[in-house]
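Peer 1: Protein chains in written order, with the working numbering: chain A, 3 to 263; chain B, 15 to 323.
Even for Gly, the Cβ is constructed at its ideal location relative to N, Cα and C.
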């Protein structure tokens, strides 16, 4: 890895508890994320990984706990607020806008950065036009970066799964986020696609200095690219540390392999 | 032949108006998943506002210029519809986010009756005239092509032209501007749109405003034909079969559906009417919609509903 420097704590989660009715999805979970690092959250099915990501992203509001983003408390943030605060995410089940082209999908990621008002847009006045072109440039950069030039005009619904995942990532990158949340970016991919995705995640982290928080089901890939790993099981945190530390943790081994291995 | 063409053109022109109202339904349904039963009430409310302000403004300002009065009344009516849109979002929809479709439908049904009532309280419940200078006399066309030519109602022609213009303007707005893109994004996936920083609430207000404008234009056109009166809100319900035919989620569907229904109504009335004693025009659209519901429930252009088991 290159000379990127892992910085201060940028996102701090304290004693997060989340329940749906009687089901406790997350119990008293604390961990932090440092600037520029790749932080993974792993765990078996139903461990609460996606719930955790949804809490960070403001989709769910935890009953207890505190989310501190760059020193600011964000306990009651919704997902629009999260986007404004510099968090972008991808979705496990790909939530792209299926009827729209790849280019349009990625352009929507620029929405928060657009300043021209409705009236200017409605009449396609200078300001709106200039702005559109500016954002288009940035989007083309991202398209080049993720190597999806050839499909930019294709409606997203027609693309194969692996490419859709890449467009999902592109849309999130178009927001120029400080923290990128990836929900199972490698799920359902073949080996080659997985390798590509790993390379993109590392490049994003390296070139843009974006902090990455990613969820994965599959331990193997994650261990290779992450700086630190949190392990969840049944809504509880059972491990936290560098990949090597986590690998050696007996609780983690038993969670993945069964109690008496 | 020329009689057939006359009927066909008449159908197309009245169909354009259906399309306009149907567009209001589709816009709101796409962006917020709400089937807006109040669309008809909005047409009535807009028509009443237009009729009354164009009457009041000359009184207030003591001027005598019909054109200026209409322009002012139209502008004020746009503002009125925007305020209505904003209030509906603020007071009703915002609190019903993520509720069942039936709940939202009932809410808009409530809004419909409320708008009907309040509209008539504010603006009065008589039949009011909207005079925007629509040409009333019919005109002969294509006399050189057919013997006797085709008789066309100028008023219908102007109405169809205005509707078509509005539809084109809206589709450009949707396809070419970044707000339009955001609207399409919301229509596609609420959750994803919100997480990339598209403010749902603002988008909903915009959609209801746009639906308000289509209601206003439909209200003015129909109002100048039939007078601004209570029955306008039921006339708008004639656009319901259009929506079923074209598909609830499709803008082109609303337009083509409107044309099919318009033409179908007129042709069936003229050619089938004599055999069954007439009156087909009233129920034809609903029958057609019913057939569609049985064989193609998503409509001509709607998204196919796939349920995963």
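For residue 263(A), which three-state DSSP category applies?
Peer 2: Caution is warranted here: a pLDDT of 46 is assigned to residue 263(A), below 50, making its placement in the model unreliable, and the coordinate value is therefore given only provisionally. Residue 263(A): coil per DSSP, three-state reduction.
Peer 1: Could you check whether the Cβ of residue 81(A) sits closer than 8 Å to any Cβ belonging to chain B?
Peer 2: So yes, residue 81(A) belongs to the interface.
Peer 1: Exposed or buried, what is residue 154(B) when buried is set at 16 or more other beta-carbons lying within 10 Å of its beta-carbon?
Peer 2: Residue 154(B) is exposed by the Cβ-count criterion.
Peer 1: Could you work out which residues of chain A lie near residue 108(B), taking near to mean beta carbons separated by less than 8 Å?
Peer 2: The premise fails here: residue 108(B) is roughly 12 Å from chain A at the closest Cβ pair, so nothing lies under 8 Å.
Peer 1: If I measure Cβ to Cβ from residue 277(B) and keep anything under 7 Å in the same chain, skipping five residues before and after, which residues do I get?
Peer 2: These residues qualify, in order along the chain: 22, 25, 26 and 29.
Peer 1: May I ask which residues mark the beginning and end of the beta strand (DSSP E) holding residue 25(A)?
Peer 2: Counting along the chain, the beta strand (DSSP E) containing residue 25(A) begins and ends at 25 to 36.
Peer 1: Please confirm whether residue 109(A) has its beta-carbon closer than 8 Å to some beta-carbon of chain B.
Peer 2: Judged by the 8 Å Cβ criterion, residue 109(A) is in contact with chain B.
Peer 1: Does the beta-carbon of residue 38(A) have 16 or more other beta-carbons within 10 angstroms, so that it is buried, or is it exposed?
Peer 2: So residue 38(A) counts as buried.
Peer 1: Leaving aside the five residues before and after residue 165(B) along the sequence, list all residues of the same chain whose C-beta is less than 7 Å from its C-beta, in chain order.
Peer 2: Only 20, 152 and 154 meet the Cβ criterion.
Peer 1: Could you confirm whether any beta carbon from chain A is found closer than 8 Å to the beta carbon of residue 266(B)?
Peer 2: No - not a single Cβ of chain A is within 8 Å of the one on residue 266(B).
Peer 1: Can you tell me the Cα-Cα spacing of residue 71(B) and residue 83(B), whole angstroms?
Peer 2: Their Cα atoms are separated by approximately 6 Å.
Peer 1: Taking 8 Å as the threshold (beta carbon to beta carbon), is residue 199(B) in contact with chain A?
Peer 2: Closer than 8 Å: yes.
Peer 1: Would you say residue 216(A) faces chain B, with C-beta separation under 8 Å as the test?
Peer 2: So, not an interface residue.
Peer 1: Given this structure, state the Cα-to-Cα distance separating residue 3(A) from residue 197(A), to the nearest angstrom.
Peer 2: Any reading at residue 3(A) must be qualified, since the residue scores a pLDDT of 46, below 50, and its modelled position is unreliable; no value is offered.
Peer 1: Would the beta-carbon of residue 126(B) fall within 8 Å of that of residue 225(B)?
Peer 2: Against a cut-off of 8 Å, the Cβ pair of residue 225(B) and residue 126(B) comes out as no contact.
Peer 1: Just to make sure I have the definition right: I need the residues of chain B whose C-beta is within less than 9 Å of the C-beta of residue 90(A). Which are they?
Peer 2: Chain B residues near residue 90(A): 209, 210 and 211.
Peer 1: For a test of the three-state rule: what should DSSP assign to residue 3(A), helix, strand or coil?
Peer 2: Here residue 3(A) scores only 46 on pLDDT, less than 50, and its place in the model should not be relied on; the value that follows carries that caveat. Note: residue 3(A) maps to coil in three-state DSSP.
Peer 1: At a Cβ threshold of 8 Å, is residue 104(B) touching chain A?
Peer 2: False, the Cβ-Cβ gap to chain A never drops below 8 Å.
Peer 1: What's the C-alpha gap between residue 56(A) and residue 215(A)?
Peer 2: One C-alpha to the other measures close to 12 Å.
Peer 1: In or out: residue 186(B) buried (at least 16 other Cβ within 10 Å) or exposed?
Peer 2: By the 10 Å Cβ count, residue 186(B) comes out exposed.
Peer 1: Is the separation between the beta-carbon of residue 123(B) and that of residue 171(B) shorter than 8 Å?
Peer 2: No, the Cβ-Cβ distance between residue 123(B) and residue 171(B) is not below 8 Å.
Peer 1: Tell me the DSSP secondary structure of residue 142(B) in three-state form.
Peer 2: Residue state, collapsed to three classes: strand.
Peer 1: Can you give the Cα-Cα distance for residue 41(B) and residue 193(A), rounded to whole angstroms?
Peer 2: Near 42 Å, if we compare the C-alpha coordinates of residue 193(A) and residue 41(B).
Peer 1: Answer yes or no: do residue 235(B) and residue 31(B) have a C-beta to C-beta separation smaller than 8 Å?
Peer 2: Contact flag set, yes.
Peer 1: For the structure I just gave you, are there three or more beta carbon pairs, one from the region 139 to 153 of chain A and one from the region 75 to 84 of chain A, closer than 8 Å?
Peer 2: Counting Cβ pairs under 8 Å, fewer than three are found: no touch.
Peer 1: Could you compute how far the alpha carbon of residue 203(B) sits from the alpha carbon of residue 61(A)?
Peer 2: Roughly 14 Å between the two C-alpha positions.
Peer 1: Which ranges does the alpha helix (DSSP H) cover as unbroken runs of at least 4 residues, wholly within the region 166 to 232 of chain B, from first to last along the chain?
Peer 2: Counting whole runs of 4 or more residues, the region 166 to 232 of chain B contains the alpha helix (DSSP H) stretches 168 to 190, 192 to 202 and 204 to 209.
Peer 1: Whose Cβ in chain A lies nearer than 8 Å to the Cβ of residue 206(B)?
Peer 2: Correct list: 93, 97, 98 and 99.
Peer 1: So, is residue 66(B) buried or exposed, given that buried needs 16 or more other C-beta atoms within 10 angstroms?
Peer 2: Result: buried.
Peer 1: Quick check: residue 182(A) and residue 156(A), are their CB atoms within less than 8 Å of each other?
Peer 2: Not in contact: residue 182(A) and residue 156(A) (Cβ atoms no closer than 8 Å).
Peer 1: To the nearest angstrom, report how far apart residue 260(B) and residue 174(B) are at their CA atoms.
Peer 2: Approximately 19 Å between the Cα atoms of the pair.
Peer 1: How about residue 129(A): is its Cβ closer than 7 Å to a heavy atom in the ligand ADP?
Peer 2: Within the structure as shown, the ligand ADP is missing, as the structure has no ligands at all.
Peer 1: Restricting to Cα atoms, I'd like to know which of 169(B), 99(B) and 120(B) is closest to residue 237(B).
Peer 2: Here the closest residue by C-alpha is 169(B).
Peer 1: Got a sec: is the Cβ-Cβ distance from residue 1(A) to anything in chain B below 8 Å?
Peer 2: The requested residue 1(A) does not occur in the structure, where chain A is confined to residues 3 to 263.
Peer 1: So who's on the other strand from residue 247(A), going by DSSP bridges?
Peer 2: Paired residues: none, contrary to the question.
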